[in-house]
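Scroll down for the structure; my scribbles are underneath it.
Residue numbers (full-length UniProt numbering): 1 to 404.
Set out below in structure tokens:
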């Protein structure tokens with residue numbers, strides 16, 4: 001019995017970190033690196049305040065979603081459909097379309113990573129990324145391999161950015177002070193809603209939750225485990241963003257002028273010299289590849305509600321998703337219009353489905369006799385308001401389309 005218990009604990013530990021890093025690395029993509037760098041350049045040490053507030057809001061959003069989904073044992077689209085008929089289907093369509101468009105950008109980012117490291121053509125690097133990601137889902141025990149790969153890539157990114165942060169020697173005292181007492185706190189609204197959308201918007205917050213449901217980690221008996229995973233996922237993302245923030249802060253204090261065409265790359269080059277470009281290429285490749293895996297897995301999990309064929313052949317749909325997004329980039333290029341539309345839709349998804357899940361937490365037909373804590377509901381309402389603001393701001397992308 002003791003050995004069986006130890007084996008179960010080991011399996012749970014792998015699953016815990018698999019879900020944590022699947023969610024975290026899904027959010028840490030090329031856009032994550034650029035947004036964090038640009039906002040730090042704009043707001044300097046005060047951007048730490050935006051990071052702190054966003055982490056609190058992210059925990060409120062993600063913990064509500066993961067807890068309710070775990071208790072119900074149902075995926076996000078199924079819960080939404082039970083709250084309002086057709087809502088889950090509507091959200092699924094948005095997530096799949098948005099995830100597909102963003103995956104084109106992720107594949108492109110991986111291609112740029114290969115280019116920075118080896119000087120290869122971007123499309124060749126993108127094709128290699130697509131092939132590698134497809135292999136993960138075709139081999140036996142592909143889910144376990146996915147868990148291991150996302151953990152490895154996540155730890156690799158954190159360690160590299162930690163090294164760069166140490167080399168750049170930021171003023172930690174100033175960063176700590178402005179994180180609590182920022183200059184012009186009202187100016188933090190835009191960065192807060194932007195990075196919240198990038199951390200838990202769209203498909204991202206469902207990545208780890210759907211992974212745990214697939215593995216059978218549902219019901220009251222697993223609630224503590226699920227809550228821990230939800231919090232660890234947000235904290236992991238927050239650690240990565242904080243380290244990058246400190247690295248940028250350090251190089252700016254030393255007089256660095258960031259390249260507007262590729263701000264994060266110039267941070268690495270200033271801190272590490274000639275090798276900086278290749279090191280940044282490794283981080284960009286890791287961020288993009290892990291995002292390709294997370295976007296494909298989660299988007300395909302939302303297809304399961306459309307029929308048994310999507311459930312039975314889910315891996316094949318994941319492969320098709322990766323293949324299609326890779327082909328679009330390699331042979332057509334990055335469709336800017338599609339990406340702008342996806343960004344606008346992505347901003348609308350979280351407040352809609354989080355609102356539905358908060359309603360679901362009060363319905364016995366969905367959660368049974370489970371009593372969802374009022375504290376989490378309040379956290380969730382705040383997250384709905386903030387992400388709704390982010391969604392409205394994202395609609396500016398649609399206006400941009402009409403003006404072009």
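Glycine is no exception: its CB is placed at the ideal position from the N, C-alpha and C atoms.
- Pairing residue 90 with residue 99, the inter-Cα distance amounts to about 14 Å.
- Proximity to residue 146 across 60, 315 and 236 peaks at 315, based on C-alpha coordinates.
- Contact fails between the segment 66 to 75 and the segment 283 to 294, because fewer than three Cβ pairs, one in each stretch, are under 8 Å apart.
- Secondary structure at residue 187: helix, using DSSP grouped into helix, strand and coil.
- Residues 46 of the same chain have their beta carbon placed closer than 8 Å to that of residue 184, with the five preceding and five following residues left out of the count.
- For the 9 Å CB-CB criterion, residue 298 and residue 26 form a contact.
- With respect to the 9 Å criterion, residue 16 and residue 228 are classified as neighbours on the basis of their beta carbons.
- For residue 188 and residue 175, the gap between their C-alpha atoms comes out near 15 Å.
- Segment contact: the segment 242 to 260 against the segment 39 to 56, three or more CB-CB distances shorter than 8 Å; contact assigned.
- In the DSSP assignment, residue 174 falls within the alpha helix (DSSP H) that extends over 172 to 180.
- In the structure shown, residue 76 adopts helical secondary structure according to DSSP, grouped into three states.
- DSSP, reduced to helix, strand and coil, places residue 361 outside both helices and strands of the structure shown, so it counts as coil.
- Two segments are said to touch when three or more pairs of C-beta atoms, one from each, lie closer than 8 Å; by this definition the segment 236 to 246 touches the segment 47 to 62.
- The segment 101 to 119 makes contact with the segment 320 to 329: 3 or more CB pairs, one atom from each, lie closer than 8 Å.
- Taking a C-beta distance under 9 Å as the contact criterion, residue 266 and residue 67 do not qualify as a contact pair.
- Assignment of residue 111 by DSSP, reduced to helix, strand and coil, places it in the helix class.
- Counting only residues of its own chain and dropping the five nearest sequence neighbours on each side, residue 50 has a CB closer than 6 Å to the CB of 188, 191 and 192.
- In the structure shown, the three-state DSSP call for residue 258 is coil.
- Boundaries of the alpha helix (DSSP H) harbouring residue 168: 142 to 168, taken from the DSSP string.
- DSSP places residue 373 outside any alpha helix (DSSP H), giving it a letter other than H or E.
- The three-state reading of DSSP puts residue 232 in helix, counting H, G and I together.
- Rounded to the nearest angstrom, the gap between the Cα atoms of residue 269 and residue 157 is 16 Å.
- Within the same chain, 175, 178, 179 and 245 come within 7 Å of residue 48 by CB-CB distance, once the 5 residues on both sides are set aside.
- Using a Cβ distance threshold of 9 Å, residue 247 and residue 19 do not count as a contacting pair.
- Under the three-state reduction of DSSP output, residue 369 falls in the coil class, being neither helix nor strand.
- Between residue 59 and residue 357 the beta-carbon gap is near 15 Å, outside 8 Å, which marks them as no contact.
- In the structure shown, residue 217 adopts coil according to DSSP, grouped into three states.
- Distance from residue 24 to residue 154 at the Cβ level is roughly 6 Å; contact confirmed, criterion being Cβ atoms closer than 8 Å.
- When the Cα atoms are used, residue 302 and residue 92 turn out to be separated by approximately 5 Å.
- Excluding its 5 nearest sequence neighbours in each direction, residue 367 has C-beta neighbours in its own chain below 8 Å: 68, 71, 72, 360 and 361, listed in chain order.
- In this structure, DSSP gives residue 203 a state outside helix and strand, which the three-state scheme calls coil.
- DSSP, read as helix, strand or coil, puts residue 123 in helix.
- When the five nearest sequence neighbours on each side are left out, the beta carbons in the same chain lying within less than 6 Å of the beta carbon of residue 370 are those of 71, in order along the chain.
- Residue environment analysis places residue 118 among the exposed positions, since fewer than 16 neighbouring C-beta atoms fall within 10 angstroms of its C-beta.
- Across the set 216, 32 and 83, the C-alpha of 83 shows the shortest separation from the C-alpha of residue 364.
- Each residue's CA atom was taken as its position, placing residue 388 and residue 87 some 17 Å apart.
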